[in-house]
Amino acid sequence: MEGPLPAVVSAYVPVLGPQFCSPNHVDLTVTKSPISLSGSDFVVTDSDGGVVFKVQGRAMRVRDRRVLVDAVGNPILTMKEKICQWKKTN
Numbered sequence: 001m002e003g004p005l006p007a008v009v010s011a012y013v014p015v016l017g018p019q020f021c022s023p024n025h026v027d028l029t030v031t032k033s034p035i036s037l038s039g040s041d042f043v044v045t046d047s048d049g050g051v052v053f054k055v056q057g058r059a060m061r062v063r064d065r066r067v068l069v070d071a072v073g074n075p076i077l078t079m080k081e082k083i084c085q086w087k088k089t090n
């Protein structure tokens with residue numbers, strides 16, 4: 001059953017920071033790097049081909065860990081794979 005459409009939000013709340021927000025639509029392309037020591041690096045480019053972000057993987061670790069960096073290489077956030085989760089069952 002479908003409900004009413006949500007109202008359009010006029011003020012956006014940045015997740016990472018306002019420097020990563022744009023008032024205009026931005027097309028980004030994510031591509032896997034052809035050469036990577038970890039085998040899991042990605043590059044995020046804009047429509048002009050400029051690098052906006054990079055996702056660097058970490059090889060040879062127990063947990064999968066990736067770091068989102070800006071075009072210069074400054075780390076923005078770290079993503080880790082959750083290995084297991086314990087849930088209480090009734």
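Going by UniProt numbering, 80 is the number at position 80 of the sequence shown; the sequence numbering is gapless. Where a beta carbon is used, it is the ideal one built from N, C-alpha and C, also for glycine. These numbers were taken from a predicted model, which means no experiment stands behind them.
Exposed or buried, residue 56, counting other C-beta atoms within 10 Å across all chains shown (16 or more means buried)? Sequence index remark: in the sequence shown, residue 56 carries index 56 (1-based). Residue 56 is buried by the Cβ-count criterion.
Would residue 54 pass as a contact of residue 69 if the rule is Cβ separation under 7 Å? Counting from one through the sequence shown, the residue named residue 54 turns up at place 54. Counting from one through the sequence shown, the residue named residue 69 turns up at place 69. Taking 7 Å as the Cβ cut-off, residue 54 and residue 69 qualify as a contacting pair.
Please report how far the alpha carbon of residue 52 lies from the alpha carbon of residue 89, in whole angstroms. As a first step, residue 52 is located in the sequence shown; it is residue number 52 there, counting from the start. As a first step, residue 89 is located in the sequence shown; it is residue number 89 there, counting from the start. Rounded to the nearest angstrom, the two C-alpha atoms are 44 Å apart.
Distance, Cα to Cα, residue 24 vs residue 48? Taking the first residue of the sequence shown as 1, we reach residue 24 at position 24. Taking the first residue of the sequence shown as 1, we reach residue 48 at position 48. It is roughly 15 Å from the alpha-carbon of residue 24 to the alpha-carbon of residue 48.
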